[in-house]
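In what follows, a single structure is set out as structure tokens and then discussed.
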Amino acid sequence: LALRMAHAQSTTTRTVDLDLPEASFALGRLCPFKNAMLERKPNMFEKISISPVVYASNKISTIDTLLFREKTINQMKNGLKFTMPLSTSTNFGPFVIAPSAQLNGYGYFQTTKKYWNKDSLKVYRDTVPVFTHAYDYSASVSVNTRLYCFYSNKHGRTTTLRHVISPSTSYNIRPDFSKSDYGYYKYVQADTLGNNQLYSIFEQGIYGTPPSGKYGSIRFSVGNNLELKIKAKANDSASTDKKITLIENLT
1 LALRMAHAQS TTTRTVDLDL PEASFALGRL CPFKNAMLER KPNMFEKISI SPVVYASNKI
61 STIDTLLFRE KTINQMKNGL KFTMPLSTST NFGPFVIAPS AQLNGYGYFQ TTKKYWNKDS
121 LKVYRDTVPV FTHAYDYSAS VSVNTRLYCF YSNKHGRTTT LRHVISPSTS YNIRPDFSKS
181 DYGYYKYVQA DTLGNNQLYS IFEQGIYGTP PSGKYGSIRF SVGNNLELKI KAKANDSAST
241 DKKITLIENL T
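This is how it looks when you write it as structure tokens:
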């Protein structure tokens with residue numbers, strides 16, 4: 001458990017920013033399905049690990065003469081956030097397969113509502129004092145392996161050149177949380193032509209909002225390590241074999 005309070009004030013503009021308090025609670029890395037009594041190597045299910053963390057924050061931003069007024073207190077921004085990374089891995093022949101996922105949860109005591117005013121022809125924003133929660137998630141899987149290449153030289157002191165090739169690929173995906181099924185985003189009329197604008201009801205939240213837009217990506221990389229082994233001098237008993245790294249983690 002960690003608690004923090006911060007205060008920033010400008011004597012020129014008379015603005016005051018207060019964080020009171022910010023808290024975080026982390027459980028550390030947990031393996032809920034691991035059996036410590038097993039003598040064999042754990043399987044992919046038993047190697048699942050999670051690292052949950054909870055955050056809470058309250059923030060005030062105002063000028064010094066309005067700091068302790070009721071209106072300022074009511075405009076305090078506060079919220080909760082929960083994150084839980086999940087990961088595991090397994091071996092499939094020479095390949096290491098590592099699935100992972102990330103779950104984020106949000107809790108806010110205020111939401112945003114926008115509406116089009118026909119008289120002023122402008123978009124207005126209201127703050128609705130109601131507790132609302134939201135979540136988002138993403139998933140990925142990576143596959144990597146190593147290839148070892150050796151080049152031997154029987155003449156001279158240079159004996160072996162080792163080349164380690166580490167190809168890796170990953171696939172990441174995240175759904176579109178602006179869909180109406182989730183209820184996190186709304187449309188508001190934005191102009192006199194009737195065009196609509198998408199906005200998040202959590203856009204004023206201190207921990208952000210579930211992202212809009214579907215996301216997916218595939219990545220591929222190849223790492224290279226090159227080592228040279230030099231044999232000890234034949235006429236020097238104190239000399240030993242040496243390994244020299246020529247290239248390290250070149251991708």
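Oh and the sequence shown: position 85 is 85 in our numbering, straight run, nothing missing. All C-beta atoms, glycine included, are put in the ideal place defined by N, C-alpha and C.
### DSSP bridge partner residues for I165 (one or two, in chain order)
If you number the sequence shown from 1, residue 165 lands on position 165. Under the DSSP definition of a beta bridge, I165 partners with L147, N224.
### Task
Thinking L198 and S178 are a contact (beta carbons under 8 angstroms), I'd like their distance in whole angstroms, please.
In the sequence shown, the residue the question calls residue 198 occupies position 198. In the sequence shown, the residue the question calls residue 178 occupies position 178. About 6 angstroms separates the two Cβ atoms, so the contact holds.
### Query
Which value, in whole angstroms, describes the spacing of the CA atoms of P99 and D64?
The residue you call residue 99 lines up with position 99 of the sequence shown. The residue you call residue 64 lines up with position 64 of the sequence shown. So the two alpha carbons sit approximately 50 angstroms from each other.
### Strand pairing of V130, partner residues [DSSP]
Counting from one through the sequence shown, the residue named residue 130 turns up at place 130. In the DSSP secondary-structure assignment, V130 is not bridged to any residue.
### Query
Quick one: what's N172 bridged to in DSSP?
Here residue 172 is taken as the residue at index 172 of the sequence shown, counted from 1. Beta bridge pairing from DSSP links N172 with S140, S217.
### Query
For the putative contact between Y106 and K81, defined by C-beta atoms under 8 angstroms, what is the C-beta separation to the nearest angstrom?
Reading the sequence shown from its first residue, position 106 is the one you call residue 106. Reading the sequence shown from its first residue, position 81 is the one you call residue 81. At roughly 6 angstroms, the Cβ-Cβ gap stays under 8 angstroms, so Y106 and K81 are in contact.
### Task
Note the first and the last residue of the continuous alpha helix (DSSP H) segment covering I206.
The residue labelled residue 206 in the question sits at position 206 within the sequence shown. Run containing I206: none; DSSP gives neither H nor E here.
### Task
Figure out for me which residue from T111, M37, V96, M5 has the closest Cα to the Cα of L20.
By one-based count along the sequence shown, residue 20 stands at place 20. Minimum Cα distance to L20 is reached at M5.
### Query
Can you round the beta-carbon distance between E227 and R174 to whole angstroms, since I take them to be within the 8 angstroms contact cut?
Along the sequence shown, read from residue 1 onward, the residue named residue 227 stands at position 227. Along the sequence shown, read from residue 1 onward, the residue named residue 174 stands at position 174. About 39 angstroms separates the two Cβ atoms, so there is no contact after all.
### Task
Could you work out which residue in T90, L3, K71 is closest to P42 when comparing CA atoms only?
Looking up residue 42 in the sequence shown gives position 42. The residue with the shortest Cα to Cα distance from P42 is T90.
### Task
Quick one: grab the DSSP three-state call for D17.
The residue given as residue 17 occupies position 17 in the sequence shown. D17 falls in the strand class under three-state DSSP.
### Message
Whole angstroms are fine: how far does the CA of I206 sit from the CA of D181?
### Response
To locate residue 181, count along the sequence shown from 1; it is residue 181. To locate residue 206, count along the sequence shown from 1; it is residue 206. Pairing D181 with I206, the inter-Cα distance amounts to about 23 angstroms.
### Through-space distance from Q75 to Y185, alpha-carbon basis
By 1-based counting over the sequence shown, the position of residue 185 is 185. By 1-based counting over the sequence shown, the position of residue 75 is 75. Rounded to the nearest angstrom, the two C-alpha atoms are 22 angstroms apart.
#### Entry: Same chain, Cβ closer than 6 angstroms to N144, neighbours up to 5 away in sequence not counted
Counted from its first residue, the sequence shown places residue 144 at position 144. V96, S168, listed in sequence order.
### Message
For the alpha helix (DSSP H) containing K71, name the first residue and the last one.
### Response
In the sequence shown, counting from the first residue as 1, residue 71 sits at position 71. For K71, the enclosing alpha helix (DSSP H) starts and ends at 70-74.
### Task
Report the rounded CA-to-CA distance for V141 versus Q102, giving the unit in angstroms.
In the sequence shown, counting from the first residue as 1, residue 141 sits at position 141. In the sequence shown, counting from the first residue as 1, residue 102 sits at position 102. Using only the alpha carbons, I get a separation of about 12 angstroms.
### Task
Would you kindly report the start and end of the unbroken beta strand (DSSP E) that includes I63?
Against the sequence shown, residue 63 aligns to sequence position 63. Counted as a single uninterrupted DSSP element, the beta strand (DSSP E) harbouring I63 occupies residues 53-63.
### Task
Check whether the Cβ atoms of S309 and P210 lie closer than 9 angstroms to each other.
In the structure as shown, the chain starts at 1 and stops at 251, and residue 309 therefore has no counterpart that could be examined.
### Query
Are D126 and K59 closer than 9 angstroms when you measure CB to CB?
On the sequence shown, residue 126 is found 126 positions in, with the first residue counted as 1. On the sequence shown, residue 59 is found 59 positions in, with the first residue counted as 1. No; because the gap between Cβ atoms is not below 9 angstroms, this pair is not in contact.
### Query
What are the boundary residues of the beta strand (DSSP E) that includes P85?
On the sequence shown, residue 85 is found 85 positions in, with the first residue counted as 1. If you look at P85, you'll find it in the beta strand (DSSP E) that goes 77-87.
### Task
Could you pull the start and end residues of the beta strand (DSSP E) that P99 belongs to?
Looking up residue 99 in the sequence shown gives position 99. First-last of the beta strand (DSSP E) with P99: 95-108.
### Query
Quick one: what does DSSP say L121 is sitting in, helix, strand or coil?
For the purposes of this step, residue 121 is identified with residue 121 of the sequence shown, where counting begins at 1. Look at L121 here: in three-state DSSP terms it is coil, with no helix or strand label.
### Task
Would you please state the rounded distance, in angstroms, between the beta carbons of L250 and N224? I believe it to be under 8 angstroms.
Position 250 of the sequence shown, counted from the first residue, corresponds to residue 250. Position 224 of the sequence shown, counted from the first residue, corresponds to residue 224. Indeed, because the Cβ distance is near 4 angstroms, the residues count as touching under 8 angstroms.
### Message
Are the CB atoms of Y171 and T160 within a distance shorter than 9 angstroms?
### Response
Here residue 160 corresponds to residue number 160 of the sequence shown, with the count starting at 1. Here residue 171 corresponds to residue number 171 of the sequence shown, with the count starting at 1. Against a cut-off of 9 angstroms, the Cβ pair of Y171 and T160 comes out as no contact.
### Message
Between the alpha carbons of D241 and V53, how many angstroms are there, rounded?
### Response
By one-based count along the sequence shown, residue 241 stands at place 241. By one-based count along the sequence shown, residue 53 stands at place 53. When only Cα atoms are considered, D241 and V53 end up about 48 angstroms apart.
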